[in-house]
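Everything in the sequence shown is counted per this note's numbering, starting at 1 for the first residue and increasing by one. Down below is the structure, laid out as structure tokens.
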Amino acid sequence: EYRKLCPVLSIRGSILDRQGTELAVSTFVQSLGAHPNRLPDTNNLSTQLANRLNLSRSQIQKILSKNRSFVWIKRHLTPQQAEAIQAFKEEQLNKAKTCASSPKDNGNPKKSLEAMYLIPEARRFYPHRSLAGPVLGFCNIDGQGLEGLEAQFDQHLYGKPLKCMNLLDARGHIIISSEKELAHQTMGDNLILTIDRTIQYIAEKALANGVEQWHAAGGLAVVVRPQTGEVLAMAQSPTFDPNNFNQYSKEQYQNRALTIAFEPGSTFKIFTVAAALDAGVVRPADQFHCGHGVFKIGNSGVIHDIHPYGILTVSDIIKKSSNIGAAKVGMRVNGALMDKYLQDFGFGQRTGLCFPGESCGLYRTLKFCRSPIDRVTVNFGQGVSITAIQLAMALASLGNEGVLMKPLLVKEIINQQGQIVKQFKPEAVRQVVSPATAHKMLAIMQTVTESGGTGTEAAPAGYSVAGKTGTAQKLIGGRYSHSKFNALFIGLVPAEKPVLAIVVLIDEPKGAIYGGVVAAPVFREIAARTMRFLGYYPKIEPVVNPLLATKIVECNLEVGKADTEPVNGPLTVMPDFQGQTIRQVLKSLHRSGLRCHIEGSGVAVSQQPEPGVPITPESICLIRFKPES
């Protein structure tokens, strides 16, 4: 007998959501190891193990031929594989008992048993599979965090490596061990997140549906509490399952809400207007002439609007999403002061979120702009790049009396005795605009989701929304693409006293490109389901009278002969259906091939896309009808 210091198996701490639901845990599995120099017949053993481990004989032979004192034959066996190995060892043991050979005989199977071990190891397991995968990250086979929160908090999660004094017999078998007494000391701390599993699921499901519907390249969604900065959900599509991370590329398991910067397009207009209001250079009712869709900036370029607007108020500039209007509002603010406001909103700098690989985006101050138009286009979201988390936090500040909060992903770190090791409390970064300005912006942004606004599809029944649509051309090879866009909708709900700030981005949608058509319905789904889950119920329940209930119809408009002249061939711009009946709309689009969603009954009161917007044969339009008064 002799004593020996042996390592105690370290158990990684768990990651839990804000309700205590386990998102990442460690479980015990068996691994198979061996001492190759003590194995009498590796050829026969390789044959015996191959089928049981789902490996080839040559693979096992290669492992056992290594000139090492110890090798892993296979780690993290399945329960079936572990049972098969255990059964094989028992079979060999019984064979050894009846073997007539002497113990020194190399043919005795007992030697193989003594040189081959099933060793318990901890394996990381993610019970909800792909849920929040890019946020959680993953570990390698040795239990070390490689990506996401697993990597960022590896020191806390990994636990303490300890050794215990064991009493062993002459053959090295443990007789007495103090490992159990020390096991609790090796366990890592637990992370309690601000993420809510249910809200995360809601966001991921709605986003995936939107990406699928529009055959998009991908999408992002972030849900934040404005008053605390707590991130309740951070979703992306496509996502990945950290249980099988090696089946995905590095790009797939990046948390793109923090690592990928994009041009925000028209969503950025709310920050331009907020700065101008706070600086006192404009008021919501001030009027600007929008040049009937054309605005020349000296000799450096021309700005266009999709619609030829004339005079618009500041409020209407946001409601109608006028590039020219936003440009002119921004030009009222001194350049250095505008830089300060936009940087105070958090653009061009990391949010301070404890997450590896966070991008700071790109914000060029006045002195780095190469031409006058470079400066002007920033006012409506071109020439600036931001991350989804930056956009979410800046938006949230308008729902928090103008105060920018630091985002929170982790609430607490707790040890295995339930004691708080570290607590992350809500932290105000700075006052960006005054409470009065923030309230004005909420009122202005609410008009976006009301009749005549670009985001009518974003407001769930019974909830008010202060939001903004965005359609941003993507930069491809240093040039703006005319075929690839990001469709966005950002909003606060309810508008009067926001509980949630939500950002939705759909990357490269096909068939439609506008944020009010593509991203707004995803926002609506996330907002409605999350508000209900949190206990905020709609003020007005939908009418359930079958005679008055809204009808939703999807049709390819292959109708009978029209009384009026039909549109032949693909349309190039969206017609104006205001005041027409459903029958008139269907007839006017006869043979066009345009797919259309129809809501309600009576006469047309709103539509997406709006009249005059360029469309393709693959476009899908939405037309809302209400009974004539």
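Idealized CB from N, CA, C, for every residue including glycine. What you are looking at is a predicted structure, and each value in this text was computed from that prediction instead of being measured.
- If you look at residue 507, you'll find it in the beta strand (DSSP E) that goes 500-507.
- At a Cβ-Cβ threshold of 9 Å, residue 75 and residue 32 count as neighbours.
- Between the region 471-482 and the region 427-443 there are fewer than three inter-stretch CB-CB distances shorter than 8 Å, so the stretches are not counted as touching.
- The shortest C-alpha to C-alpha distance from residue 332 to any of 506, 127, 283 is the one to 283.
- Straight-line spacing of the CA atoms in residue 260 and residue 84 works out to 46 Å.
- DSSP, reduced to helix, strand and coil, places residue 394 within a helical segment of the structure shown.
- Scanning its chain for C-beta atoms nearer than 7 Å, with the 5 sequence neighbours on each side dropped, one finds around residue 154 the residues 144, 145, in chain order.
- By the neighbour-count definition (other C-beta atoms within 10 Å, threshold 16), residue 238 is an exposed residue.
- Take residue 252, set aside five residues on each side of it, and the residues of its chain with a beta-carbon closer than 7 Å to its own are 238, 240, in chain order.
- DSSP links residue 607 through a beta bridge to 623.
- Under DSSP, the beta-bridge partners assigned to residue 25 are 125.
- Scanning its chain for C-beta atoms nearer than 6 Å, with the 5 sequence neighbours on each side dropped, one finds around residue 233 the residues 199, 200, 203, 223, in chain order.
- Per the coordinates, the alpha-carbon of residue 429 lies some 13 Å from the alpha-carbon of residue 401.
- Taking a contact as a CB-CB distance under 8 Å, the pair residue 136 and residue 148 counts as one, their CB atoms being some 5 Å apart.
- Excluding its 5 nearest sequence neighbours in each direction, residue 25 has C-beta neighbours in its own chain below 6 Å: 14, 125, listed in chain order.
- Scanning its chain for C-beta atoms nearer than 6 Å, with the 5 sequence neighbours on each side dropped, one finds around residue 309 the residues 290, 322, in chain order.
- By DSSP's assignment, residue 295 forms a beta bridge with 303.
- In the three-state scheme derived from DSSP, where H, G and I count as helix and E and B as strand, residue 534 is classed as coil.
- Under the three-state reduction of DSSP output, residue 191 falls in the strand class.
- The C-beta of residue 20 has fewer than 16 other C-beta atoms within 10 Å across all chains shown, which makes the residue exposed.
- Between residue 468 and residue 266 a beta carbon distance of about 7 Å is seen, short of the 8 Å cut, so the two are scored as contacting.
- Shown here, residue 450 sits in coil according to DSSP, grouped into three states, outside any helix or strand.
- Apart from the 5 residues on each side of it in sequence, residue 141 sits with its Cβ closer than 7 Å to the Cβ of 75, 76 in its chain, given in chain order.
- Straight-line measurement puts the Cα of residue 509 at about 30 Å from the Cα of residue 581.
- For residue 456 against residue 606, the beta-carbon gap comes to about 6 Å, under 8 Å, which counts as contact.
- Under a 10 Å Cβ-count criterion, residue 383 is classified as buried, with 16 or more other Cβ atoms of the shown protein chains found around its own Cβ.
- Residue burial is scored here from C-beta neighbours: residue 328 has at least 16 other C-beta atoms within 10 angstroms and is therefore classed as buried.
- For a cut-off of 8 Å, the C-beta gap from residue 268 to residue 381 is around 3 Å, short enough to register as a contact.
- Residue burial is scored here from C-beta neighbours: residue 537 has fewer than 16 other C-beta atoms within 10 angstroms and is therefore classed as exposed.
- Each residue's CA atom was taken as its position, placing residue 604 and residue 490 some 26 Å apart.
- As summarised for the region 428-498, the continuous beta strand (DSSP E) elements at least 3 residues long and confined to that stretch are 428-431, 466-476, 479-493, given in chain order.
- The C-beta distance from residue 405 to residue 426 rounds to 6 Å, short enough to fall under 8 Å.
- For residue 528, same chain residues with a beta-carbon under 6 Å away, outside a window of 5 residues either side, are 460 in chain order.
- Under a 10 Å Cβ-count criterion, residue 433 is classified as buried, with 16 or more other Cβ atoms of the shown protein chains found around its own Cβ.
- Taking the Cβ atoms as the reference, residue 385 lies roughly 5 Å from residue 361, within the contact range of under 8 Å.
- The region 346-430 is shown to contain whole alpha helix (DSSP H) runs of 4 or more residues at 372-378, 388-398, in chain order.
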